[in-house]
Amino acid sequence: MSDHITIRPAEGTWVVRAGGAVLGESSRALELVEGDYPPVIYFPREDIAMAFLEPSKTRSHCPWKGDAHYYTIIAKSGAIEDAVWSYEDPKEGMEQIKDCLAFYKNKVAVEQV
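Residue numbers for the sequence shown follow this note's numbering, so the first one is 1 and each next one is one higher.
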């Protein structure tokens with residue numbers, strides 16, 4: 001694992017909301033801190049309503065975490081493009097975030113409840 005990335009269990013219960021709907025709630029979320037960036041909450045896939053997510057063609061690469069795959073949220077109010085990402089085959093040392101989803105906080109609400 002890169003020295004500037006830490007992954008630990010996120011304290012308490014976390015919820016993600018988008019387009020007026022709760023997409024998921026988890027007491028098994030992970031908190032990833034990378035350098036000076038704000039912490040990112042990663043939700044286990046099993047705790048998210050995957051029926052609202054549609055795979056996107058968007059990809060990005062992080063030299064420490066690997067290749068990110070993106071998802072669009074299909075909400076009643078319309079599509080929220082590339083609001084979700086996942087490292088489906090993360091690099092060595094990042095295996096904890098495999099099968100987890102992270103959400104852009106400027107596109108959805110991610111809150112501790």
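The beta-carbon is built from N, C-alpha and C at its ideal position, and this holds for glycine as well.
The structure displayed is predicted, hence computed values, not measured ones.
When secondary structure is reduced to three states using DSSP, Asp47 falls in the helix class. In this structure Tyr42 is in contact with Ala29, their Cβ atoms being roughly 6 Å apart against a cut-off of 8 Å.
For Pro9, the beta-bridge partners assigned by DSSP are Leu30.
Exclusion of the five residues before and after Met94 leaves Lys65 as the residues of its chain whose Cβ lies within less than 6 Å of its Cβ. The criterion of a C-beta distance shorter than 8 Å is not satisfied by Gly19 and Ile97. CA-CA distance, Gln112 to Lys57, rounds to 30 Å. Here Thr6 really is in contact with Val33; their C-beta atoms are around 5 Å apart, less than 8 Å. Close CB contacts of Asp82 within its chain, under the 7 Å cut and outside five residues either way in sequence, are with Ser56, Thr58, Tyr70, Thr72 (chain order). Selection Asp3, Ala10, His4 evaluated against Ala102 yields Ala10 as nearest (Cα-Cα).
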